[in-house]
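Peer 1: Numbering (my numbering), first residue to last: 2 to 293.
C-beta atoms are modelled at their ideal positions from N, C-alpha and C, and glycine is treated no differently.
Note that this is a predicted model, so its numbers are computed, not measured.
Below is a structure I'd like to ask you about.
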Ligand SMILES: [Zn+2]
């Protein structure tokens with residue numbers, strides 16, 4: 002699937018309103034990193050173009066990332082697993098794919114809940130899988146993934162769908178890797194009320210910081226319900242479950258730093274927002290797709 006540079010990559014509309022490093026599609030509502038990066042394709046599955054040549058530093062980066070996020074991830078992954086997989090499956094030798102699984106923490110939690118399962122992992126960077134998680138995760142190397150003949154019962158995209166350069170292409174590929182009746186789990190950021198509110202009232206200050214904190218070469222699209230549904234509108238997949246909720250993988254300091262917030266009053270307000278977020282901000286989409 003080719004992405005045309007002047008069109009929305011989700012709905013193909015030309016109604017893109019660009020602002021700083023982003024564009025908002027006024028047809029489907031998605032917020033995009035824009036202009037699309039030249040090396041965009043490397044972020045999906047043509048990673049052979051990109052050199053990942055330092056396994057040691059890649060693994061160190063994963064450990065630093067995990068030291069901040071793994072406690073939150075532990076409960077998020079547990080919730081994701083019960084959201085997708087019926088508990089009767091614990092007696093079955095199910096095949097599970099962790100797509101974009103990075104260091105492999107998900108496999109640990111998955112195997113502890115479903116000991117009969119086999120967990121596979123693939124990622125754009127093969128180096129990220131931590132050595133101590135290799136016995137839990139069967140790694141499918143990036144270059145082998147597309148031609149691999151393994152068919153899965155369940156596929157997880159834990160905070161991955163915002164990273165892929167061509168989400169429609171990713172969904173089509175994963176649908177082929179799923180058995181009939183198999184399911185895909187997606188959790189990914191959405192634009193909640195803070196986006197339109199700050200865009201209208203604080204466009205050049207807080208909205209700009211919000212964009213710098215949440216849209217980047219790594220986070221290529223932030224969804225709305227409409228754009229998400231348009232993207233997964235696929236003849237062989239049904240949207241079985243869709244929820245919006247509050248969910249964070251990192252402590253509040255991580256987000257304020259990312260947004261470049263240094264004003265102590267804004268930092269305090271951000272921490273208060275984070276604390277009460279589950280009551281006031283549904284920042285994530287959780288969804289299940291099933292193959293017909
Ligand atoms: Zn669009």
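Relative to ligand 1, is the shortest distance from any of its heavy atoms to the C-beta of residue 31 smaller than 7 Å?
Peer 2: yes
Peer 1: With the cut-off set at 8 Å, would you say residue 36 and residue 10 are in Cβ contact?
Peer 2: no
Peer 1: Whole-angstrom Cβ separation of residue 213 and residue 261, contact assumed at under 8 Å?
Peer 2: 6 Å
Peer 1: Any heavy atom of ligand 1 closer than 7 Å to the beta-carbon of residue 228?
Peer 2: yes
Peer 1: Nearest-angstrom Cα distance between residue 233 and residue 55?
Peer 2: 35 Å
Peer 1: Going by DSSP, name the residue or residues bridged to residue 24.
Peer 2: 19 and 33
Peer 1: Look up residue 159 in the DSSP assignment and say whether it is helix, strand or coil.
Peer 2: strand
Peer 1: Quickly, what does DSSP pair residue 191 with across the bridge? List them, please.
Peer 2: The partner list for residue 191 (beta bridge, DSSP) reads 224.
Peer 1: Note down, in chain order, each residue of its chain lying with its Cβ closer than 6 Å to the Cβ of residue 140, except the 5 sequence neighbours on either side.
Peer 2: So the list reads 122 and 130, once near-sequence residues are dropped.
Peer 1: Should the region 131-151 be called in touch with the region 68-80, which here means at least 3 C-beta pairs below 8 Å?
Peer 2: no
Peer 1: Using a 10 Å radius around the Cβ and a threshold of 16 neighbouring Cβ atoms, would you call residue 107 buried or exposed?
Peer 2: buried
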